[in-house]
Every structure is written in C-alpha cells, then in structure tokens.
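Counting along the sequence shown from 1, when you hit position 94 you're at 93 in numbering that gives the first Met the number 0, and nothing is skipped either side.
Since the structure comes first, as structure tokens, the remarks are kept for the end.
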Amino acid sequence: MANYDFRSFDFHVDTMRYDQQYAGMLNAESLELDAFAGRGGKMLVYHGWADPLIPTYNTLEYWAGLVDYYGGHRNEHAGFEQVDKFARLFLIPGMGHCSGGAGTDTFDGMGALEQWVEKGQAPKRIVASHLTAGVVDKTRPLCQYPRVATYKGDGDINDALNFVCRAPESLHGDDE
Numbered sequence: 000m001a002n003y004d005f006r007s008f009d010f011h012v013d014t015m016r017y018d019q020q021y022a023g024m025l026n027a028e029s030l031e032l033d034a035f036a037g038r039g040g041k042m043l044v045y046h047g048w049a050d051p052l053i054p055t056y057n058t059l060e061y062w063a064g065l066v067d068y069y070g071g072h073r074n075e076h077a078g079f080e081q082v083d084k085f086a087r088l089f090l091i092p093g094m095g096h097c098s099g100g101a102g103t104d105t106f107d108g109m110g111a112l113e114q115w116v117e118k119g120q121a122p123k124r125i126v127a128s129h130l131t132a133g134v135v136d137k138t139r140p141l142c143q144y145p146r147v148a149t150y151k152g153d154g155d156i157n158d159a160l161n162f163v164c165r166a167p168e169s170l171h172g173d174d175e
C-alpha cells in the first residue's frame, strides 16, 4: 500500500475488488453460531446509538437475523430464548463509535462477560458512566436489548440507581 495513489481509485472496479478481498474478514454476517455456543461461548455485543461510522441499525438487523435463525424462522420468542443463552446485545444512547459522545461510554464489559462465563450470571444490566475531565458526572444502566433504561421518576437523573430496564410496551415485558 506504500505506493497506493488514491487518484487511481475506480469506484466501479475497485469497490467490488476490495469487497471480495476483505468482506470475509471485516463483515460479521454469519448467523450460524452453533459451534461457538456449543463450546460454551458467550458474546456481549454493544453498539452506540450515536455511532457515525457504522449505523446502529446494521447491528439491529444482524440481531434480528440471529433471532430469526435460532427461532427456526417461525418463532421469535424461541429465537430470543436460544440466542439469550449465549449472546446479549446492549445499545448505548449517545455513545459514538466504540466510545465517546454524550452517552455513558465507560463500562466493564469484560467483567460482565467474566461473571457470565465463570459464574453463570448472564448480564441483563451493566452500569456505565460518563466522564468529564476524568470525573464521573452521570451513570446509567445499559439494558439488555430490547429493554431500555427508563427513569423511575424520582431521584437524581444522573444516577443509574434511579433507572429501571423496561421492555417496550409492544413486548409487554416486566421491569428488571
């Protein structure tokens, strides 16, 4: 790549060539995760709603495909139950690409994964922080998708303790 000249890029030819060359390495498209799950693998997926590089809806589309695949293309509830055994999705309001932004982008995902793998405690809620000049100025729960953090209506709005993870009305789920 040292001799690469961007002016020679031909959109119609090079886009397809690079896609063929790198797509398998860069794109997470496979829905068949039986070998991973069968070995006891656990996966935490997170995505910032304010990600300017990769649309959050790409992750949601993949997740919906995963649920559909594991539900036998017929039963969404069964798909959620199957996927729930080995994978969890957390969407983070205000977070950019992997970190940054106005959202609570500092959290211990590895600690949550460790608790799940080593102690069987699957995460439904992970407390995250936002820092300004290195000082925590707010915390929020990151909720297992499709639940969202909802203010209880009382207490400091900058404290995760005053939020509950609530399922959207359409799912008729309980608070956690």
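Note that the Cβ used here is the ideal one computed from N, Cα and C, for glycine as well.
Model, not experiment: these values are computed from the prediction.
For Lys-137 and Glu-80, the rounded distance between their alpha carbons:
32 angstroms
Apart from the five residues on each side of it in sequence, which residues of its chain come closer than 6 angstroms, Cβ to Cβ, to Val-135?
Ser-128
Any idea what DSSP makes of Arg-139, helix, strand or coil?
strand
Just to confirm the assignment, what range does the alpha helix (DSSP H) spanning Ala-166 have?
Neither: Ala-166 is in no alpha helix (DSSP H) and is coded neither H nor E.
Do the stretch 85-95 and the stretch 111-127 make contact, defined as three or more Cβ pairs closer than 8 angstroms?
yes
If you drop the 5 nearest sequence neighbours on each side, which residues of the same chain put their C-beta closer than 8 angstroms to that of Gly-133?
none
Please check the pair Leu-90 and His-46, which I expect to be a contact at CB under 8 angstroms, by giving their CB distance rounded to whole angstroms.
6 angstroms
If I'm right that Ala-49 touches Gly-102 with Cβ under 8 angstroms, what's the distance once you round it to whole angstroms?
7 angstroms
For Gly-78 versus Gly-71, is the C-beta spacing smaller than 9 angstroms?
yes
I need the boundaries of the alpha helix (DSSP H) containing Met-15, first residue and last residue.
10-25
DSSP state of Leu-160, grouped into three classes?
helix
Extract the residue ranges of the beta strand (DSSP E) inside the stretch 65-94, only unbroken runs of 3 or more that lie entirely within it.
86-91
Who does Thr-105 pair with in a DSSP beta bridge?
Ser-128
Ala-148 lies in the beta strand (DSSP E); which residues open and close that run?
147-150
List the residues that DSSP assigns as beta-bridge partners of Tyr-45.
Phe-89
C-beta contact flag for Tyr-61 and Ala-22 at 9 angstroms
no
In whole angstroms, what separates the C-alpha of Ala-36 from that of Phe-85?
6 angstroms
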